[in-house]
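Q:
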Amino acid sequence: MRLAVFAFSLRGLQTAERVCLALSAPENTICIYAPERLAGGEIAAITPPLADFAGPLFREMDALIFVSSCGIAVRAVAPHVRSKVSDPAVVAVDETARFVVPLLSGHIGGANALAVRLAEALGATAAVTTATDVNGRFSVDAWAAKRGLFIADMDAAKAVSAAILEGPVPLKCDFPIGGELPPGVVLGESGPVGICVSWREQEPFGKTLLLVPKTIRLGIGCRRGVGREAVAAAVREALEQRGVHPRAVKCAASIDLKRDEPGLLDFAREAGVPLAFYSAEELREIKGEFTPSEFVRSVTGVDNVCERAALTGGGELIIKKTARDGVTVAAAAEKYEVGFDG
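The opening residue of the sequence shown carries number -12 in the numbering used here; numbering runs sequentially from there.
(1) To the nearest whole angstrom, what separates the beta carbons of Ile182 and Leu205, a pair I think is in contact under 8 angstroms?
(2) Closest to Asp328 by CA distance: which of Ala143, Leu168, Gly96, Gly28 is it?
(3) Under the rule that 16 or more other beta-carbon atoms within 10 Å means buried, what is Phe282, buried or exposed?
(4) Taking the alpha-carbon positions, what's the Pro279 to Pro66 distance?
(5) Does the separation of the CB atoms of Tyr20 and Phe45 fall below 8 angstroms?
(6) If contact is defined by three or more beta carbon pairs under 8 angstroms, each pair taking one atom from either stretch, is the segment 226 to 245 in contact with the segment 184 to 194?
(7) Suppose you measure from the CA of Ala319 to the CA of Ala118; what does that come to, to the nearest Å?
(8) Quick check: Val88 and Ala76, are their CB atoms within less than 8 angstroms of each other?
(9) Could you tell me the alpha carbon to alpha carbon distance between Leu262 and Ala79, rounded to whole angstroms?
(10) Where does Ala32 land, buried or exposed, given buried means 16+ other C-beta within 10 angstroms?
(11) Are the segment 162 to 177 and the segment 134 to 145 touching, with three or more C-beta to C-beta distances below 8 angstroms?
(12) Can you name, in chain order, every residue of its own chain whose Cβ lies under 7 angstroms from the Cβ of Glu303, other than the five neighbours on each side?
(13) Kindly indicate which residue of Leu91, Lys71, Asn99, Cys57 has the alpha-carbon position closest to the one of Val115.
(14) Return helix, strand or coil for Glu224, following the three-state DSSP convention.
(15) If distances are taken between C-alpha atoms only, which option among Ala12, Val68, Glu29, Gly326 comes closest to Asp39?
(16) Ignore the nearest five residues each way along the sequence and tell me which others in Gly(-1)'s own chain have a CB closer than 6 angstroms to its CB.
(17) Quick one: give me the first and last residue of the alpha helix (DSSP H) that Glu303 is part of.
(18) In chain order, what residues of the same chain have a beta carbon less than 8 angstroms from the beta carbon of Arg62, not counting five sequence neighbours either side?
(19) Would you mind giving the Cβ-Cβ distance between Gly250 and Val218, rounded to the nearest angstrom? I have them listed as a contact below 8 angstroms.
(20) Can you name the start and end residues of the beta strand (DSSP E) that Ala21 belongs to?
(21) How far does the alpha helix (DSSP H) with Thr34 in it extend, from its first residue to its last?
(22) Extract the residue ranges of the alpha helix (DSSP H) inside the segment 249 to 300, only unbroken runs of 4 or more that lie entirely within it.
(23) Alpha carbons only, please: which of Arg85, Arg24, Ala132 is nearest the one belonging to Lys71?
(24) Where does Gly206 fall in DSSP's three states?
(25) For Val236, which option in Phe254, Ile203, Ser266, Asp243 has the closest C-alpha, if you only look at C-alpha atoms?
(26) What residue ranges within the segment 113 to 176 form continuous beta strand (DSSP E) runs of no fewer than 3 residues, ordered along the chain?
(27) Residues in its own chain within less than 6 angstroms of Gly93 by CB, not counting five upstream and five downstream?
(28) I need the boundaries of the beta strand (DSSP E) containing Ile242, first residue and last residue.
(29) Starting from Val6, follow the alpha helix (DSSP H) in both directions and report where the run begins and ends.
(30) If we call anything under 8 angstroms between Cβ atoms a contact, is Arg215 one with Glu257?
(31) Secondary structure at Gly42, three-state DSSP: helix, strand or coil?
(32) Going by DSSP in three states, Pro89 sits in which element: helix, strand or coil?
(33) For a test of the three-state rule: what should DSSP assign to Ala108, helix, strand or coil?
(34) Hey, quick one: how far does the beta strand (DSSP E) through Ile59 stretch, first residue to last?
(35) On the criterion of 16 or more Cβ atoms from any shown chain inside 10 Å, does Pro35 qualify as buried, or is it exposed?
(36) List the residues that DSSP assigns as beta-bridge partners of Thr83.
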């Protein structure tokens, strides 16, 4: 995580250093900010006004921690608040480290979990106020964020959070479930409000919260010189025919002969999809029943590129070779298990 820690007094700076010590971990990058009279060494000076200074950090950091009153923190970030989906976690810690208060992005941004972690390390009290937490109910958006699931509809997430306070909410899951269901969740496939975990685009409930895991691997082959638009259109058509949610795509693969193909590279970059390349020998080693092509074999040295490439990470082939405008696409679904522990 990238964390920014703010302090405004000598005592606050001492607490800020305790905060940094509590959060020190190889995966974290922590920066301390303080007024010029306190800055020095590895502490960066805050340039007033605070709200302007905090703006770029609000956009760049995963969490902002203010060792100050809640009011100072609120005024610093208020002009920059946009969406609970994208805003960073914002937490306030009083100067004496008695209370840790999550102020923004408690669930998706992880402010609640961060507050609890800090409170345990500082010997403080975490003042978590979100309704599902104080009532001991399942926080579906926090769980989804922790598991890396795409939340397809934030309004549906709010509806589930409200419904779960009143009674059980049904869950339709297309994957094996490990362990017990959390409080307030039951298995079901119908109802006015419900949760669905799937790589498919579907709405089994009156109001469906679709949570999409990244479990789909694309295999792509293409004719030399094919443009990005053609690749994107072929992928989109293949996914739509099988009902695959586009946010379920984890990565893409092709043969190494296409390593310098601009259209394929541009598609992967704009789609934000990692792209891997494999040799003909590596693709031939993939086991399964494929759609053979003697022409493809004569050009590439392997009878099928897209289906074999899709299966380089294992799983089940859910889209066999589809062709459009010089592009072939296949897709495989990785094995996935839904768990609620930890």
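Think of the CB as a built atom: it goes at the ideal place given N, C-alpha and C, for glycine as much as any other residue.
A: Once the coordinates are examined:
(1) Your numbering for residue 182 matches position 195 in the sequence shown. Your numbering for residue 205 matches position 218 in the sequence shown. Ile182 to Leu205, Cβ: 26 angstroms. No contact.
(2) Position 341 of the sequence shown, counted from the first residue, corresponds to residue 328. Taking only the C-alpha atoms, the option nearest Asp328 is Leu168.
(3) Stepping through the sequence shown from its first residue, residue 282 is reached at position 295. So Phe282 ends up on the exposed side.
(4) Numbered from 1 along the sequence shown, position 292 holds the residue referred to as residue 279. Numbered from 1 along the sequence shown, position 79 holds the residue referred to as residue 66. One C-alpha to the other measures close to 58 angstroms.
(5) Taking the sequence shown and counting its residues from 1, one reaches residue 20 at position 33. Taking the sequence shown and counting its residues from 1, one reaches residue 45 at position 58. No.
(6) yes
(7) Against the sequence shown, residue 319 aligns to sequence position 332. Against the sequence shown, residue 118 aligns to sequence position 131. Each residue's Cα considered, the two are about 39 angstroms apart.
(8) To locate residue 88, count along the sequence shown from 1; it is residue 101. To locate residue 76, count along the sequence shown from 1; it is residue 89. Contact flag unset, no.
(9) In the sequence shown, residue 262 corresponds to position 275, counting from 1. In the sequence shown, residue 79 corresponds to position 92, counting from 1. Spanning the two alpha carbons is a distance of roughly 40 angstroms.
(10) Here residue 32 is taken as the residue at index 45 of the sequence shown, counted from 1. With fewer than 16 Cβ atoms within 10 Å of its Cβ, Ala32 is classed as exposed.
(11) no
(12) One-based indexing of the sequence shown puts residue 303 at position 316. For Glu303, where only same-chain residues beyond five positions count, the Cβ hits under 7 angstroms are Ala319, Ala320.
(13) Here residue 115 corresponds to residue number 128 of the sequence shown, with the count starting at 1. Of the candidates Leu91, Lys71, Asn99, Cys57, the one whose C-alpha sits nearest the C-alpha of Val115 is Asn99.
(14) Translated into the one-based positions of the sequence shown, residue 224 becomes position 237. It is helical.
(15) Along the sequence shown, read from residue 1 onward, the residue named residue 39 stands at position 52. With distances taken between Cα atoms, Asp39 lies closest to Val68.
(16) Looking up residue -1 in the sequence shown gives position 12. Result list for Gly(-1): Val54, Glu82, in chain order.
(17) Along the sequence shown, read from residue 1 onward, the residue named residue 303 stands at position 316. Taken as a continuous stretch (DSSP letters only), Glu303 belongs to no alpha helix (DSSP H), being part of the beta strand (DSSP E) at 303 to 311.
(18) To locate residue 62, count along the sequence shown from 1; it is residue 75. Excluding residues within five positions, the ones whose Cβ falls inside 8 angstroms are Leu37, Ala38.
(19) The sequence position of residue 250 within the sequence shown is 263, counting from 1. The sequence position of residue 218 within the sequence shown is 231, counting from 1. Confirmed, Cβ separation roughly 5 angstroms.
(20) Within the sequence shown, numbered from 1, the residue matching residue 21 stands at position 34. Note, Ala21: beta strand (DSSP E), 16 to 21.
(21) As a working note, residue 34 is residue 47 in the sequence shown. Run containing Thr34: none; DSSP gives neither H nor E here.
(22) 249 to 258, 267 to 271, 281 to 287, 293 to 297
(23) Counted from its first residue, the sequence shown places residue 71 at position 84. When each option's Cα is compared against that of Lys71, the closest is Ala132.
(24) In the sequence shown, residue 206 corresponds to position 219, counting from 1. Gly206: strand per DSSP, three-state reduction.
(25) Locating residue 236 in the sequence shown gives position 249, counting from the first residue. The residue with the shortest Cα to Cα distance from Val236 is Ile203.
(26) 156 to 160, 172 to 174
(27) To locate residue 93, count along the sequence shown from 1; it is residue 106. These residues qualify, in order along the chain: Asn99, Thr117.
(28) Position 255 of the sequence shown, counting from 1, holds the residue named residue 242. Element bounds for Ile242: 236 to 242.
(29) In the sequence shown, residue 6 corresponds to position 19, counting from 1. Note, Val6: alpha helix (DSSP H), -3 to 10.
(30) Counting from one through the sequence shown, the residue named residue 215 turns up at place 228. Counting from one through the sequence shown, the residue named residue 257 turns up at place 270. Yes; because the gap between Cβ atoms is below 8 angstroms, this pair is in contact.
(31) Looking up residue 42 in the sequence shown gives position 55. If DSSP states are grouped into helix, strand and coil, Gly42 belongs with the helices.
(32) Stepping through the sequence shown from its first residue, residue 89 is reached at position 102. Of the three classes helix, strand and coil, the one that applies to Pro89 here is strand, per DSSP.
(33) For the purposes of this step, residue 108 is taken as residue 121 along the sequence shown, with counting starting at 1. Of the three classes helix, strand and coil, the one that applies to Ala108 here is helix, per DSSP.
(34) By 1-based counting over the sequence shown, the position of residue 59 is 72. Element bounds for Ile59: not the beta strand (DSSP E) but the alpha helix (DSSP H), 57 to 64.
(35) Your numbering for residue 35 matches position 48 in the sequence shown. The residue is exposed, with fewer than 16 neighbouring Cβ atoms inside 10 Å.
(36) By one-based count along the sequence shown, residue 83 stands at place 96. None, per the DSSP bridge assignment.
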